[in-house]
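**Q** Numbering (full-length UniProt numbering), first residue to last: 1 to 113.
Note that the Cβ used here is the ideal one computed from N, Cα and C, for glycine as well.
Note that this is a predicted model, so its numbers are computed, not measured.
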Ligand code: FES
């Protein structure tokens, strides 16, 4: 199991917003987007849309889903599942935990769906 990265306080990411943890910081080779969803929870997916190359962190969060800003594919923030065209491939999830008011990201550890 990989070590957690403390990406800051829960207050650093407003609800409905996301923060990108660059590949060189998270060690996975891919940028990771950490989302503060409207259900109050935090979720993490690989930031690059599986359809082309858009940043999902720049997309729109609705409920526990994110909509890609370029062609509007939607992904489940909990499972990474691609919910509509044009994306057909799931986004990779990463475990996120909130502890003592801080957001901890576990790169390469799949989220428990
Ligand atoms: S780049 Fe995301 S849907 Fe096309």
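Shorter than 7 Å, the distance from the beta carbon of residue 70 to the closest heavy atom of ligand 1, or not?
**A** yes
**Q** Taking 7 Å as the cut-off, is the CB of residue 91 close to at least one heavy atom of ligand 1?
**A** no
**Q** With C-beta atoms as the reference, is residue 75 less than 8 Å away from residue 57?
**A** no
**Q** Tell me, which residues are paired with residue 45 by DSSP?
**A** 33, 93
**Q** Round the Cβ separation of residue 38 and residue 61 to the nearest angstrom and send it over; I've been treating them as touching at under 8 Å.
**A** 6 Å
**Q** Quick one: does the C-beta of residue 81 sit closer than 7 Å to a heavy atom of ligand 1?
**A** no
**Q** In terms of residues, what are the limits of the beta strand (DSSP E) holding residue 18?
**A** 18-21
**Q** Determine the extent of the beta strand (DSSP E) in which residue 7 is found, giving its start and end residues.
**A** From DSSP, the beta strand (DSSP E) with residue 7 extends over 5-9.
**Q** Quick check: what's the CA-CA separation for residue 46 versus residue 101?
**A** 23 Å
**Q** I need the straight-line Cα distance from residue 14 to residue 104, nearest angstrom please.
**A** 16 Å
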